[in-house]
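Report on one structure; see the data block that follows.
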Amino acid sequence: MIKKIIFATGNKDKMREIREILADMDVQVVSMKEAGIQADIVENGSTFEENAIIKAKTICEMTGEITLADDSGLEIDYLNKEPGIYSARYMGEDTSYHIKNANLIKRLEGVPDEKRTARFVCAVAAAFPDGRVETVRGTMEGRIGYEEKGENGFGYDPIFYLPEYGCTSAQLPREEKNRISHRGKALRAIKEELR
5 MIKKIIFATG NKDKMREIRE ILADMDVQVV SMKEAGIQAD IVENGSTFEE NAIIKAKTIC
65 EMTGEITLAD DSGLEIDYLN KEPGIYSARY MGEDTSYHIK NANLIKRLEG VPDEKRTARF
125 VCAVAAAFPD GRVETVRGTM EGRIGYEEKG ENGFGYDPIF YLPEYGCTSA QLPREEKNRI
185 SHRGKALRAI KEELR
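Residue numbering for the sequence shown follows the working numbering, starting at 5 and increasing by one per position.
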């Protein structure tokens with residue numbers, strides 16, 4: 005029976021989402037920081053899956069604990085799936101998302117709705133002490149909006165418009181977002197692997 009899982013992230017918004025989604029598993033989920041791990045991990049994979057595996061394996065090998073890691077990002081079809089795996093580093097690591105979002109909206113100026121298709125992608129890797137690694141992927145389809153809207157999300161959520169809900173993912177209630185989000189889908193899939 006799994007008692008503890010380390011999640012290889014320092015992002016507290018992400019940790020809150022992860023804990024909410026994994027709440028029904030009787031397992032302690034700790035971040036790298038909470039586990040007292042300092043690691044400079046070079047994410048040099050060419051896919052979301054490769055980057056998630058790099059993170060999960062590195063921390064698992066350091067700690068001997070089951071480790072989960074995710075790599076997620078935004079793919080905008082019109083921009084050749086940019087920013088993609090570079091979503092967090094797009095326009096520089098410390099650039100605020102207001103600036104990143106404004107830049108993407110500007111790059112799509114004059115592009116009609118049907119060509120503004122995009123998706124959030126989340127790959128989650130689970131690394132086990134016996135060397136086994138499992139990966140899953142979740143996606144959430146939508147479009148890029150024309151302005152930032154909503155306070156519930158983080159990152160690119162305020163410009164990610166969901167036509168079937170008539171709002172951005174930052175305007176959805178948290179429970180609803182966790183139910184339909186790329187991260188929610190991937191975490192529920194990895195839960196099955198852990199069981």
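Positions of the beta carbon are idealized from the N, C-alpha and C atoms, including for glycine.
| Query | Result |
| --- | --- |
| Given 8 angstroms, three or more beta-carbon pairs between the stretch 86–99 and the stretch 25–40 | no |
| Minimum C-alpha distance to Thr51 - residue among Glu21, Gln42, Val128, Leu112 | Val128 |
| Delimiting residues of the beta strand (DSSP E) encompassing Met144 | 137–148 |
| Between the CA atoms of Lys189 and Thr71 - distance to the nearest angstrom | 18 angstroms |
| DSSP beta-bridge partners of Ile75 | As written in the sequence, residue 75 is Asp, which differs from the Ile given in the question. DSSP lists Ala127 as partners of Asp75. |
| Inter-stretch contact at 8 angstroms, needing at least 3 Cβ pairs: the stretch 177–187 / the stretch 141–151 | yes |
| Residue environment, Ala43, which counts as buried when at least 16 other CB atoms sit within 10 Å | exposed |
| Cβ distance (whole Å) where Phe158 is taken to contact Asp17 below 8 angstroms | 4 angstroms |
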